[in-house]
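Chemist: The structure is given below, and queries will be raised subsequently.
Protein chains: 2
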Amino acid sequence: MKATPARLRTDSACFEADFQARLHWSADQDAAIEQRVADILADVRKRGDAAVLDYTARFDNLQVPTLQALELTQAELKAAFDAIPSAQREALQAAAARVRSYHEAQKKACGESWSYRDEDGSLLGQKVTPLDRVGIYVPGGKAAYPSSVLMNAIPAHVAGVPEIIMVVPTPRGEKNLLVLAAAYVAGVTRAFTIGGAQAVAALAYGTQTVPKVDKITGPGNAYVASAKKHVFGTVGIDMIAGPSEILVLADGTTPPDWVAMDLFSQAEHDELAQSILLCPDAAYIDAVQAAIDRLLPTMPRAEIIAKSLTGRGALIHTRSMEEACAISNRIAPEHLEVSSHEPHRWEPLLRHAGAIFLGAYTSESLGDYCAGPNHVLPTSGTARFSSPLGVYDFQKRSSIIEVSAQGAQKLGPIAATLAYGEGLQAHAQAAEMRLKDR
Amino acid sequence: MKATPARLRTDSACFEADFQARLHWSADQDAAIEQRVADILADVRKRGDAAVLDYTARFDNLQVPTLQALELTQAELKAAFDAIPSAQREALQAAAARVRSYHEAQKKACGESWSYRDEDGSLLGQKVTPLDRVGIYVPGGKAAYPSSVLMNAIPAHVAGVPEIIMVVPTPRGEKNLLVLAAAYVAGVTRAFTIGGAQAVAALAYGTQTVPKVDKITGPGNAYVASAKKHVFGTVGIDMIAGPSEILVLADGTTPPDWVAMDLFSQAEHDELAQSILLCPDAAYIDAVQAAIDRLLPTMPRAEIIAKSLTGRGALIHTRSMEEACAISNRIAPEHLEVSSHEPHRWEPLLRHAGAIFLGAYTSESLGDYCAGPNHVLPTSGTARFSSPLGVYDFQKRSSIIEVSAQGAQKLGPIAATLAYGEGLQAHAQAAEMRLKDR
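Chain order of the listed sequences is A and B. Under my numbering, the first residue of the first sequence carries the number 40, and numbering increases by one thereafter. Under my numbering, the first residue of the second sequence carries the number 40, and numbering increases by one thereafter.
Structure follows, in structure tokens:
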């Protein structure tokens, strides 16, 4: 088995075309999936629990008499935590502690209420409050990630959300103990073993058993993504996730094995995952390819890695690190490693990325599990306009305005002039009524 | 003509049913609109300028040979500013200055990069950067609001967005001078007189003439709302706006005329707009109804006001101000006036609202135009999970992680344990390779 990422050179005449072809990934909706999802949503909205039970039996091969039977009790979550090896217990707790402390810092930096008074004594600001109840979707089956439980539930907790409802499909009733243990560590309020569009519908509309939430976060397959997009507006959603991506900017000073393994760590997720290396040093790129060749056979998930790297990977020889940074900005990758001995020289040039990993020791995998920052990140170039999941996703803001009697005298004529200009006379008169010398 | 909002009492046996019936507003999608919008989007994506021209001719009765002919030059914007009465010029500038200074305070409070180093010297934080290019949709035709130009463009400017592209339909070519002047004052980069789903498509995908943007903000009709939801993911969007709402919590100390006019100022927007009064004092409610009866005939938009108040308005007699606050939280209104002589007593009880207006002098209309806070606010109960438009909508965050060599020794085993637990061996080995004594 061979993993042969495309080898591109920015000084080649066909670079632009090759680059575009490699990058292309279409998030275009599949009309058939859209329709099936719309039907499932409408059915769950109408029939509630009964519909969720039907779809769970059909899609997850899991037949139970009532939806209550699909709720995981707190005792079950704790039992799972007690049952896993102590090394896993400690790792979960250590990771949770670091993720919690990072998100607490985040809340302090950008999630607190603020206000000021202007020269007329009018009060202006924003009050920041947590959402009342959120739903977190945790994928089950072939890619069940306990770390995602921590990454979704902990920021919600830090935000102050009182109720966190987790859903996780358990095909054929097979539960992942580590996922349940993570739910225990993260302090999930209630958990249901349901998944797919039916779980999204249950959370968005509420059923007899599943409480309606205000926002749904967490990744899922194409059905889940389509369902989240559908219910957006009825509830809040975080983002629509595409395949995972890593981009490594290398100046040639990191051991090539480390970089090869970092490329693997993205590729092993999924055949559609994308791993790209940008480097101005051709000999170093050769060394990374050699490391890929040597290390691939040792990997249990070699087949997925080979397909991903060969199908979507690229090793790009750039003219300079500056050019590599510019190309990285065009890609706006989910994960961006600056594998350089002077990462702070390049960081200011990097404008679009979900997370930026600086220096050779900062492997993406440390960030995925326990460095502290969130691993739920914008994919497919959406880092151009969206942000990592954070405390701010579980808060909302209300503007606070208290115009003083004096302020009303100053603002009234301005508002009235503009309101008359817009043909909104009641707006104008509401302002004018507050004038004292009219 | 009479405006007779429903009169409800919370101590009545049928309150719950009456309240639900009054509140009900369905944002359910119209399948026919959805399909037409999907077709328009696909067509613009494929044919670019030509498609936009066709739809503009068809829907806006505006026939021009090229899309360039629909671009407003900076000179035209300036000419509009010069042409309007000086009172309007000054009002626009005064409003813009206040909106700018509020959003600058907002950026300082919650829109700056932050970071810290942990005990191992690892750097953790977030870098906040502006979007590169945004599109703002400004409705034209029957409800052209220059204030919306300021409210969308100024936060984008304050965020540091270098390119702000405005679209505004001009049915039959009729331009609203005040909208153009507002675009001049707000510093819009480019402006096109296009609208509807075709304008959203042009901004989302880009055409030969209209540049592709990263995010689209601003309200619009059902076609615009549907188009925005469709392109969400390709670009960012702000929110899907429903009919406007005001809720007044009154303790009976504000002149009843003021409250009546504030209810009018929401009702005059649209027959579907909703104005609600919550008050524990029945005599005061009578006084407000009397003010409504007396003031209505003086209003130029009396017909819309009467339809809105009669169809969707309500005057609700509560047992107490505390109960009024609780009901307000259930509604999660867009605009919430606390018309009380002790507004700070009630404010802490209010958890869900787009904007909270404190005290008798703070009419919603002052906030709409010039108090400073944004007037683009979550509607239809979405204040439960979303926030006013703000500087944060025009920024995005990148996590910053620099794990020190020492930190990698501590984090590596944690990450590896969890990665092996998830069956992701490359993740585990990427962490283990960085361990010094392996």
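Even glycine gets a Cβ: it sits at the ideal position worked out from N, Cα and C.
1) How would you label Q12/A, buried or exposed, when you count the other beta carbons within 10 angstroms and need 16 or more for buried?
2) Look up H374/B in the DSSP assignment and say whether it is helix, strand or coil.
3) Cβ of D159/B within 7 Å of Cβ of G446/B?
4) Taking 7 Å as the CB-CB limit, is V442/A close to chain B?
5) Based on the DSSP secondary-structure assignment, which residues constitute the bridge partners of E202/B?
6) Can you tell which of T273/A, A469/A and L397/A has the C-alpha that lies nearest to the C-alpha of E376/B?
7) Measure the CB-CB distance between T401/B and V167/A and report whether it falls below 7 Å.
8) Give me, in chain order, the residues of the same chain whose beta-carbon lies closer than 6 Å to that of I331/B; leave out the 5 immediate sequence neighbours on both sides.
9) V430/B and G199/B - do their beta-carbons sit closer together than 7 Å?
10) Can you list, in chain order, the stretches of the beta strand (DSSP E) that have 3 or more residues and sit fully within the region 282 to 357 of chain A?
11) Helix, strand or coil, according to DSSP, for G272/A in the structure here?
12) Determine the contact status of R46/B and L354/B, defining contact as a CB-CB distance below 7 Å.
13) How long is the line joining the alpha carbons of L478/B and K435/A, rounded to whole angstroms?
14) How close, in whole Å, do the beta carbons of H356/B and A326/B come, if the pair is a contact with beta carbons under 8 Å?
15) Quick one: which chain B residues come within Cβ less than 7 Å of D82/A?
16) If you measure beta-carbon to beta-carbon, which residues of the region 272 to 286 of chain B are closer than 9 Å to chain A?
17) How is F424/B classed by DSSP in three states: helix, strand or coil?
18) Would you kindly work out how many angstroms separate the C-alpha atoms of H196/B and I203/B, rounded to a whole number?
19) Would you identify the three-state DSSP class for A230/A, choosing helix, strand or coil?
20) Determine, using beta carbons only, whether V177/B and V207/B come nearer to each other than 7 Å.
21) Please name the residue in D476/B, L463/B and I453/B whose C-alpha comes closest to that of A136/A.
22) Considering only the beta carbon of each residue, do F424/B and L242/A sit closer than 7 Å?
23) Output, in chain order, the set of chain A residues within a Cβ distance shorter than 9 Å of R333/B.
24) State the DSSP-derived secondary structure class of Q127/B, mapped to helix, strand or coil.
25) Measuring only the C-alpha atoms, how far is S140/A from Q132/A?
26) Is it right to say K268/B is buried, meaning 16 or more other beta carbons lie within 10 angstroms of its own, or is it exposed?
27) If you count every other CB in all the chains shown that lies within 10 Å of the CB of M40/B, and 16 or more means buried, which is it?
28) Compare the C-beta of S187/A with all C-beta atoms of chain B and state if any pair is closer than 7 Å.
29) Distance, Cα to Cα, P372/B vs H142/B?
30) What beta strand (DSSP E) runs, 3 residues minimum, are completely inside the region 434 to 466 of chain A?
31) Our contact map puts L189/A next to A134/A with C-beta atoms below 8 Å; I'd like the distance itself, whole angstroms only.
32) Below 8 Å on C-beta distance, what does E373/B contact in chain A?
33) Report the residue ranges of all alpha helix (DSSP H) runs contained in full by the region 94 to 157 of chain B; include only those spanning at least 4 residues, in chain order.
34) By the three-class DSSP mapping on this structure, what secondary structure does I79/A have?
35) Sorted by chain position, which residues of the same chain lie with C-beta nearer than 6 Å to G420/A's C-beta, five sequence neighbours on each side aside?
36) Taking R520/A as part of the alpha helix (DSSP H), name the residues at either end of that continuous run.
Modeler: On the basis of the data shown:
1) With chain A covering only 40 through 477, there is no way to say anything about residue 12/A.
2) strand
3) yes
4) yes
5) R172/B
6) A469/A
7) no
8) A42 and A299
9) no
10) 284 to 289, 313 to 318 and 353 to 356
11) coil
12) yes
13) A question about residue 478/B goes unanswered here, because the residues of chain B that appear run from 40 up to 477.
14) 13 Å between Cβ atoms; not a contact.
15) Neighbours of D82/A on chain B: none; closest Cβ ~15 Å, over 7 Å.
16) G272, T273, V274, G275, M278, I279 and G281
17) coil
18) 8 Å
19) strand
20) yes
21) I453/B
22) no
23) Correct list: empty, because the minimum Cβ distance to chain A is about 13 Å.
24) helix
25) 12 Å
26) buried
27) exposed
28) no
29) 22 Å
30) 434 to 441
31) 6 Å
32) Per Cβ cutoff of 8 Å: no residues; E373/B is ~10 Å from chain A at best.
33) 113 to 122 and 125 to 149
34) helix
35) A371
36) Residue 520/A falls outside the range modelled here, since chain A spans only 40 to 477, and no answer is possible.
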